[in-house]
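Numbered according to my numbering, the sequence shown spans residues -15 to 201. Here a beta-carbon is modelled for each residue, glycine too, at the ideal position from N, C-alpha and C. It should be emphasised that the depicted structure is a prediction, and the values quoted were computed from it without experimental measurement. Let me begin by presenting the structure, written as structure tokens, before commenting on it.
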Amino acid sequence: MTTREKIAVFIDGANLYATSKSLGFDIDYRKLLKEFQSRGTLVRAFYYTALVEDQEYSSIRPLVDWLDYNGYTVVTKPAREFTDAVGRRKIKGNMDIELAVDAMELAPYVDQMVLFSGDGDFRSVVEAVQRRGVRVSVVSTVTTQPPMVADDLRRQADEFVDLVTMQAKIGRDPSERVMRDPADRGSFSRPVAPTAPVNQMPGFVQRPVRTPGATGE
């Protein structure tokens, strides 16, 4: 019997949003999850984003809640909102450290990592997990001007995938609703863990699915 490749997906939420918008389409996260479940054993699909917690309503919150109920491991932290010198509203909330730590902890348990980001700050962590024998694919785009992916990150990756080539597989149909009701928990279960005994997996992979209503929000 052929052993299925163990895969982990890491999504830099803000970066992927900017990249897909620059290409003129929205990501269908249900299709994205199915795509990588079809390629092997999907150990985890992480989604990283910062949240402005002092706002009564955050536009990203419905997406975050939907992802959390539909097969993704969502990692968030508080972000700070400020206005720059020309009066533009900005959000400061870097998730690089959180993503890097999770990638290093999970490296011994997967064969491939797929990073949805073009941020050159991830070059070092890509190199580090490669030294542990993990193959790394980076998904971003070079079709925009300027390109959305840093050249050193693209060079470091074992494989570079231009997001525009994945549009047919993971792009949202424009006729669909922009966002499902966040109370809709969908039909997805968490991705199946690899065949290693659960007590050999790091704690953040062992953790159970969050119980609705137990978020503390």
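Within its chain, find whatever has a CB closer than 6 Å to the CB of residue i; leave out the 5 residues flanking it on each side and keep chain order.
{"i": "V162", "result": "Because V162 sits at a pLDDT of 46, beneath the cut-off of 50, its placement in the model cannot be relied upon, and the point is left open."}
{"i": "P158", "result": "none"}
Out of the options, which has the shortest C-alpha to C-alpha gap to residue i?
{"i": "M79", "options": "L7, K5, V58", "result": "V58"}
{"i": "G147", "options": "P130, D136, G102, S159", "result": "The question names Gly, but residue 147 in the sequence shown is Leu. Out of P130, D136, G102, S159, G102 has the C-alpha closest to the C-alpha of L147."}
{"i": "R(-12)", "options": "A(-2), L35, F(-6), R23", "result": "R23"}
{"i": "E89", "options": "S124, V110, L137, F144", "result": "V110"}
{"i": "V120", "options": "R45, T3, E143, P158", "result": "E143"}
What does DSSP give as the partner residues of residue i in its beta bridges?
{"i": "R107", "result": "Beta-bridge pairing links R107 to no other residue."}
{"i": "F144", "result": "V122"}
{"i": "Q212", "result": "With the chain running from -15 to 201 in the structure shown, residue 212 is simply not present."}
{"i": "G155", "result": "I11"}
{"i": "L35", "result": "P62"}
Can you give me the C-alpha to C-alpha distance between residue i and residue j, rounded to a whole angstrom?
{"i": "V176", "j": "V27", "result": "Residue placement at V176 cannot be trusted, given a pLDDT of 41 that sits under 50; what the coordinates show is reported in the next sentence. Distance between the alpha carbons of V176 and V27: 6 Å."}
{"i": "Q151", "j": "F100", "result": "14 Å"}
{"i": "G8", "j": "L0", "result": "12 Å"}
{"i": "R64", "j": "L35", "result": "8 Å"}
{"i": "P131", "j": "T125", "result": "6 Å"}
{"i": "A91", "j": "V85", "result": "10 Å"}
{"i": "T273", "j": "F106", "result": "No answer is possible for residue 273: it lies beyond the span of the chain, which begins at -15 and ends at 201."}
{"i": "R138", "j": "R115", "result": "17 Å"}
{"i": "D12", "j": "G155", "result": "5 Å"}
{"i": "D49", "j": "A29", "result": "15 Å"}
Note down, in chain order, each residue of its chain lying with its Cβ closer than 7 Å to the Cβ of residue i, except the 5 sequence neighbours on either side.
{"i": "K153", "result": "K15, E19"}
{"i": "Y32", "result": "I(-5), D(-4), G(-3), V59, M79, E82, L83"}
For residue i, collect the residues of the same chain with a Cβ closer than 8 Å to its Cβ; drop the 5 residues on either side in sequence, then sort them by chain order.
{"i": "V94", "result": "K(-10), I(-9), A(-8), V27, V118, P178"}
{"i": "D136", "result": "G104, R107"}
Quick one: measure Cβ to Cβ for residue i and residue j, integer angstroms, because I've assumed they're closer than 8 Å.
{"i": "A141", "j": "V113", "result": "Wrong, their Cβ atoms sit about 11 Å apart, outside the cutoff."}
{"i": "A69", "j": "G104", "result": "Not confirmed; about 24 Å, so no contact."}
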